[in-house]
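A.B. asks: Before we start, here is the structure in question, set down as structure tokens.
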Amino acid sequence: MFDRILNRMREKIRKRQYIMTYHARREMHHDDLTIYDIERVILTGKI
Numbered sequence: 001m002f003d004r005i006l007n008r009m010r011e012k013i014r015k016r017q018y019i020m021t022y023h024a025r026r027e028m029h030h031d032d033l034t035i036y037d038i039e040r041v042i043l044t045g046k047i
């Protein structure tokens with residue numbers, strides 16, 4: 001089941017069909033991460 005969700009997330013990232021919330025952007029800033037870091041982790045990471 002989780003594979004299906006992860007594949008859907010990856011598809012949305014590839015198509016740029018997602019919204020980054022203000023809270024997420026603020027947390028990324030605090031952790032010194034960029035949107036590209038987040039995309040790369042989701043596209044290439046393993047869970």
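In UniProt numbering, the protein residues as written are 1 to 47. All C-beta atoms in this analysis are idealised placements derived from N, C-alpha and C, irrespective of residue type, glycine included.
Have a look at ARG33 and LYS15 and give me their C-alpha separation to the nearest angstrom.
C.D. replies: Residue numbering aside, residue 33 sits at position 33 when the sequence shown is read from its first letter. Residue numbering aside, residue 15 sits at position 15 when the sequence shown is read from its first letter. The residue asked about is misnamed: residue 33 is Leu in this sequence, not Arg. Computed Cα separation, rounded: 21 Å.
A.B. asks: Give the secondary structure of TYR18 by DSSP, where H, G and I count as helix, E and B as strand, and everything else as coil.
C.D. replies: By 1-based counting over the sequence shown, the position of residue 18 is 18. Note: TYR18 maps to coil in three-state DSSP.
A.B. asks: With a cut-off of 8 Å on the beta carbons, I'd call ILE35 and MET20 a contact; round off their distance for me.
C.D. replies: Walking along the sequence shown from the start, residue 35 turns up at place 35. Walking along the sequence shown from the start, residue 20 turns up at place 20. About 6 Å; that satisfies the 8 Å criterion.
A.B. asks: Within a Cβ cutoff of 7 Å, which residues of the same chain sit near ILE42, ignoring the five residues on either side of it in sequence?
C.D. replies: Position 42 of the sequence shown, counting from 1, holds the residue named residue 42. MET9, ARG10 and ILE13.
A.B. asks: On the three-state DSSP scale, how would you describe LEU33?
C.D. replies: Here residue 33 refers to the residue found at position 33 when the sequence shown is read from its first residue. LEU33: coil per DSSP, three-state reduction.
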